Structure formats: structure tokens, C-alpha cells
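Data first, discussion second: the structure below is written as C-alpha cells.
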Amino acid sequence: MSDQANERDAAFLATGLDQTTVPTRVRSVVLMLAVCLAGITYLDRVCISLTAPYMMRDLGLSEVQMSLVFSAFVLSYAIFEIPTGWWGDRIGPRRVLTRIVIWWSGFTIATAAAFNYSSLMVIRFLFGAGEAGAWPNSAKAISRWFPTAERGTAQGIFFMGAHLGGGLTPLLVTALLGIMPWRSIFLLFGLIGFVWAAVWWSWFRDEPAEHSAVNQAERDLIMTGRAAEDEHRLTDVPWGLLVTNRSLLALCLMYFTQTYGFYYYITWLPKYLREDRGFSGMQLGFFAGLPLLLSVLADLFGGLTTDWATRRFGLRIGRCAVGGGSLCVAGLAVLAGSGVANPWRAAILISLGGAMANFLLGAAWSVCLDISGRHAGVVTACMNTAGQVGGVLSPIVAVYAPGWFASRSSPLWIVAGLYLLGALCWFFVDPRRRLFDDRKL
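Okay, structure coming up:
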């Protein structure tokens, strides 16, 4: 060791501190990997909304058939969400997320091999089955690696990665469609996930204590606010409490409304912008991705806001005021956008509505972690499953709604109304009360 290094260490020790008292930042790398995961999931999900016209042409699909293809993915995702979340509680997110990413990457590539309506339906159904549990297991990892006071921000940054990936995807796919067929795009996007899975498996560990790079100070910091948990509870999920708890039921209904709107944005919004608002080319790619690009800021500031408000006003106001307020603004913005004549103003208002609906994600997922204890995978999966039910219905309703209401803006009216209903659900959520032992935090 050099004299300079010895002098630096001596100066550090002279302050009365030991290097082990300064927490390492390994959890930041965990979050970075989770953000990359989120971005890849939306890269693969959003891609199909831009390639849909080419797939419909080559495979001879109608709009109704394409809507059912969209919904097949979400249906299987919903069916397998809770089992995969529970599986993550049992064996940990390291193994489960590795399996999930390898599976969905394989079926992203398989989408390129679809040759008719039936084959595409089967591939997208299996795609959804494989991707199910990605969000709950990511939340599980965050609950293990972040103290309570940082979870809202961590969840917000996680969703920021998802929406950044989704927001850039329309521009990327639009550019790629100019130089390659849609089948090659699915092949290219599928390969990315295999790289992530290899890095995650080799580096990540389910508990901070299992990772050699984490010092004791960071372990102590992470444990701040974590309740004592018994391992036997992992195999003994009190399902009766899950289906009767008021907070969780309200979260599920709220998330149904939020996800219903979200799936409209990533499935049929490009068609609305093209046919009803007259956008095309890169303009269409930009405005189709704008809701998710704005959501990047909404995710970050939504997470920061819920953590700040929680520290300042307590858990209930910190989580519920952020969640309810964001959906209220979202509903009003979408309603206004559907009635504006100017295409640019309409697209901006609709995009703002989509972004504000995502402002609540840090609060919503943090509530699940606040109340769930060791069962974070199951509880977040319950909320996300309810959301996916909305996702199943959204593409189908969007096709039929213009005929029901004699207006091509009617799908947006439904989205706006559901957002306002979701805002009311937050009055029935109490994040201070743990789900399984009924103790207030």
C-alpha cells in the first residue's frame, strides 16, 4: 500500500469513523437491474401495438381478432400472476425472475414465427403466462432491499424504467419498420432479455445478508421498518384475510381502473391518433409514445412525493392523497382531451392523463409492501391481477364502444370515468394497518 493511501486511511480513522459505519450502496445496483427489467418488459409489450397493422395484413386478422390477441396475453398474465407471486415468496425473486425473463424472451422470439390467427393467440397466451409475476417479484426484491422510507421512490424509479422503455418503443419500432419486417423486430427484442437474465442470476441475491458486497451498515439501514417475519408463514398464506380485507379490495378495484386505462394507451391509442386525429409517420410514433414518456417524470416524482408526504404527514395521507389525487387529475385530463378539436392539444391532454394515472404507482405498490410483510409477492400479485382483468377487457371494449355510444371518442370517456372511480377507492385504503396481524404501523 502506498504512503498516500496510508495517509488517507489514517485521516479517515482520525474522524472517529470506521469504514463499516458508512453504508454501501449495493441496493442502488439492485434497483438499476430492476429498472432494466422493467424497460425490457415494456419494450416487448408495446412493440405489438405498432406492428399490429402489419401483422393484421400478413396474417389476415380483423380488428376484433387483434383485440383478442391483445387480451390473450393479459388474460394468461392475470391467471398466473398470483401463483407466480406466491412462488416468489417461497423460493425468492432471484430464481423466479430468471425463469420469467427467459420464458418471455423465448415467446417474444416465437411471435415472429406466427403464421395465422390461432398460432398467434397461442403464442401470446403463453407469452403472458411466462411474464406473469414479473412485477410482484420485482416488488418483492425491492421490499427485501430497501427500507420503508425509500420504497416509494424505489418503486417510482422502477416504473420510470418501464415507461421510458415503453415511451421510446413506438419511435424505435417506427424507425425499425422502415428497414426490417415486423418479424425481425420481435427476434431482435427477444434476444435482449437473455442477456439480462444471465446478469441477474449471476449477481443478485434474495437477501442483502447473502450478498458479499453489502456491509453491516447497509444491512442495518435496509432493515429499518421491516417487521419481524417467520419463515413458516411463507407456506401458510391466510387467503381468507386476502379476500376480505377492505384496504386490499379497494386497492384491487382502484388498480382495475388504472390498468384498464393503461392497456387502452398501449393497444388502441395509436389507431385513435391515426384515424381520428390525423397523425402519421414519426408524429404518430411520438404521440403514441408520449403518455409513457411523460410517465417517466410522473413515476419519479410520484415516488418522491409519496415518500416525502409519508415522512411529513404519515402513511395514510402520504400514500392515499397521492394515489387519489393523481387519478382525479388523470380522469379530468382525458375527458378534456377527448373533447378538444385541435389534434395537438387533444394528444397532449390525453398523454397528460395517462401520465397522471401512473403518478400513483409508487404509492400503490408501496402500500402493498407496507401492509404485506413477508407475503409481498402474493399481496402485490392480488392487486396486479385485478389490474390485468381491466387489461383483458380494455382492448375489446375499445373496439365495440364506438358502436355502442355512436362516438369514436367513447373509449376515452370510459377511461376517464374509470379513473375518477379509482380516485374514490383510495378513501377506503389504510396503509397503516398490516394485513396479516391487524397492527397499525
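Going letter by letter, the sequence shown gives residues 1 to 441 in the UniProt record's numbering. Think of the CB as a built atom: it goes at the ideal place given N, C-alpha and C, for glycine as much as any other residue. Values in this document were obtained by computation on a predicted structure and should not be read as measured data.
- Ala-376 is positioned such that its CB atom lies closer than 8 Å to that of Ser-143.
- Distance check between Leu-248 and each of Thr-174, Cys-368, Arg-27 and Leu-120 places Cys-368 closest, using alpha-carbon atoms only.
- In the displayed model, Arg-277 falls within coil according to three-state DSSP, outside both helix and strand.
- Residue environment analysis places Tyr-400 among the exposed positions, since fewer than 16 neighbouring C-beta atoms fall within 10 angstroms of its C-beta.
- Within the same chain, Val-96 come within 6 Å of Trp-87 by CB-CB distance, once the 5 residues on both sides are set aside.
- Collapsing the DSSP output to three states places Arg-433 in a strand.
- By alpha-carbon distance to Ile-192, the top candidate from Ala-38, Ser-410 and Leu-360 is Ala-38.
- Under the three-state reduction of DSSP output, Met-180 falls in the coil class, being neither helix nor strand.
- Where Phe-107 is concerned, the enclosing alpha helix (DSSP H) starts and stops at 93-111.
- In this structure, the straight-line span from the alpha carbon of Ala-139 to that of Cys-328 is close to 25 Å.
- Counting C-beta atoms within 10 angstroms of its own C-beta, Gln-216 has fewer than 16 neighbours from the protein chains shown and is therefore classed as exposed.
- The Cβ-Cβ distance between Glu-207 and Pro-136 does not fall below 8 Å.
- When secondary structure is reduced to three states using DSSP, Val-340 falls in the coil class, being assigned neither helix nor strand.
- Closest in alpha carbon position to Leu-33, among Ala-114, Tyr-260 and Ile-157, is Ile-157.
- With a minimum length of 4 residues, the unbroken runs of alpha helix (DSSP H) contained wholly in the segment 266-319 fall at 269-275 and 281-313.
- Rounded to the nearest angstrom, the gap between the Cα atoms of Gly-130 and Tyr-77 is 8 Å.
- In the three-state reduction of the DSSP assignment, Ala-72 falls in the helix class, which pools H, G and I.
- Between Gly-152 and Ile-266, the C-beta gap is not smaller than 8 Å, which leaves the two residues out of contact.
- In this chain, the alpha helix (DSSP H) harbouring Pro-402 covers 376-405.
- Val-340 has its alpha-carbon roughly 42 Å from the corresponding atom of Thr-148.
- The Cβ-Cβ distance between Cys-382 and Cys-252 falls below 8 Å.
- Less than 8 Å separates the beta-carbon of Tyr-263 from that of Ser-394.
- Annotation: Ala-213 to Ile-222 spans about 14 Å, alpha carbon to alpha carbon.
- Non-local beta-carbon contacts of Phe-125 in its own chain, meaning distances under 8 Å to residues more than five positions away in sequence, involve Ala-72, Phe-73, Leu-75 and Ser-76 in chain order.
- Taking C-beta separations shorter than 6 Å and ignoring five residues to either side along the sequence, the partners of Arg-205 in its chain run His-211, following chain order.
- Distance from the Cα of Leu-50 is smallest, within the candidate group Ile-414, Trp-426, Gly-178 and Ala-357, for Gly-178.
- Around the beta-carbon of Phe-70, 16 or more other beta-carbon atoms lie within 10 Å, marking it buried.
- In the DSSP assignment, Arg-144 falls within the unbroken alpha helix (DSSP H) covering 134-145.
- For Ala-364, the enclosing alpha helix (DSSP H) starts and ends at 361-372.
- If you draw a 10 Å sphere on the C-beta of Val-296, you find 16 or more other C-beta atoms in it, and that means buried.
- Under the DSSP assignment, Val-122 falls in the alpha helix (DSSP H) whose first and last residues are 117-131.
- With 16 or more other CB atoms across the displayed protein chains lying within 10 angstroms of its CB, Thr-174 is buried.
- If you look at Trp-239, you'll find it in the alpha helix (DSSP H) that goes 239-244.
- Counting only the Cα atoms, Ile-350 lies some 16 Å from Thr-257.
- Between Gly-390 and the set Ile-414, Ala-154, Met-282 and Gly-325, the nearest pair of CA atoms involves Ile-414.
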